[in-house]
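Visitor:
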Amino acid sequence: MKCFMYSIEWQKRGLPHVHLLLWLMEKLRPNQIEEIISAEIPNLETDRKLYDTVTKNMIPGPCGVLNPSSLCMKDGKCTKKYPRGLLKDTKTKYRVYPLYRCRAPEDGGHTLAQKTRSGIQEILVDNSWIVPYSPLLSKIFN
Numbered sequence: 005m006k007c008f009m010y011s012i013e014w015q016k017r018g019l020p021h022v023h024l025l026l027w028l029m030e031k032l033r034p035n036q037i038e039e040i041i042s043a044e045i046p047n048l049e050t051d052r053k054l055y056d057t058v059t060k061n062m063i064p065g066p067c068g069v070l071n072p073s074s075l076c077m078k079d080g081k082c083t084k085k086y087p088r089g090l091l092k093d094t095k096t097k098y099r100v101y102p103l104y105r106c107r108a109p110e111d112g113g114h115t116l117a118q119k120t121r122s123g124i125q126e127i128l129v130d131n132s133w134i135v136p137y138s139p140l141l142s143k144i145f146n
């Protein structure tokens, strides 16, 4: 890392929110991005702490067909674009946000059964529902 810059904002409920910008010495290749940012459910058997953090904090909703009255819904679609498409590999384009790898179960991805926030319904969650996260920062800050 060459250098970094950050800004901390305080949200309406008094919680901090950080914007972090990192300058790297060398440009990352698509196969290296997956080491820094993930959009997949971690393996429960190899990393229990990360699995618990991701399944607790990085799964939105449900929305869409499962909950059409969700706050993120507009004109019958999730404004955050969940669930996202499943991809075998990370895809990058110039001046466009990358599309992070989120594999289908048949390609090595994981699934889990999770109760909705109301606790009434149980849904099957796959990688298409995972918000991209940094495994390192998620382990440090839970």
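Start counting the sequence shown at 5; every next residue gets the next number (my numbering).
Here a beta-carbon is modelled for each residue, glycine too, at the ideal position from N, C-alpha and C.
#1: Please report the distance separating the alpha-carbon of ASN146 from that of ASN61.
#2: Can you tell me where the alpha helix (DSSP H) with VAL129 in it begins and where it stops?
#3: Residues in its own chain within less than 7 Å of ASN71 by CB, not counting five upstream and five downstream?
#4: Work out the CA separation of PHE8 and ILE134 for me, nearest whole Å.
#5: In the structure shown, what three-state DSSP assignment does TYR55 receive?
#6: Measure the C-alpha to C-alpha separation of THR83 and ARG33 and round it to an integer number of angstroms.
#7: Assuming GLY113 contacts GLU44 (C-beta within less than 8 Å), just tell me the rounded distance between them.
#8: State the DSSP-derived secondary structure class of GLU49, mapped to helix, strand or coil.
#9: Helix, strand or coil, according to DSSP, for GLN15 in the structure here?
#10: Return yes when the C-beta of MET77 is under 8 Å from any heavy atom of the ligand NAP, and no when it is not.
Guide: Let's see:
#1: The count along the sequence shown starts at 1 and reaches residue 146 at position 142. The count along the sequence shown starts at 1 and reaches residue 61 at position 57. So the two alpha carbons sit approximately 9 Å from each other.
#2: Position 125 of the sequence shown, counting from 1, holds the residue named residue 129. Run containing VAL129: none in the alpha helix (DSSP H); it sits in the beta strand (DSSP E), 126-129.
#3: In the sequence shown, residue 71 corresponds to position 67, counting from 1. Hits under 7 Å: GLY65.
#4: Counted from its first residue, the sequence shown places residue 134 at position 130. Counted from its first residue, the sequence shown places residue 8 at position 4. Cα-Cα distance, rounded: 26 Å.
#5: On the sequence shown, position 51 is the one that residue 55 refers to. In this structure, TYR55 counts as helix in the three-state DSSP scheme.
#6: Within the sequence shown, numbered from 1, the residue matching residue 83 stands at position 79. Within the sequence shown, numbered from 1, the residue matching residue 33 stands at position 29. Taking the straight line joining both Cα atoms gives about 29 Å.
#7: Along the sequence shown, read from residue 1 onward, the residue named residue 113 stands at position 109. Along the sequence shown, read from residue 1 onward, the residue named residue 44 stands at position 40. Correct: roughly 6 Å between the Cβ atoms.
#8: Against the sequence shown, residue 49 aligns to sequence position 45. The answer is coil: DSSP assigns GLU49 none of H, G, I, E or B.
#9: Taking the first residue of the sequence shown as 1, we reach residue 15 at position 11. Residue state, collapsed to three classes: coil.
#10: As presented, the structure is devoid of all ligands, the ligand NAP included, so that no description of it is given.
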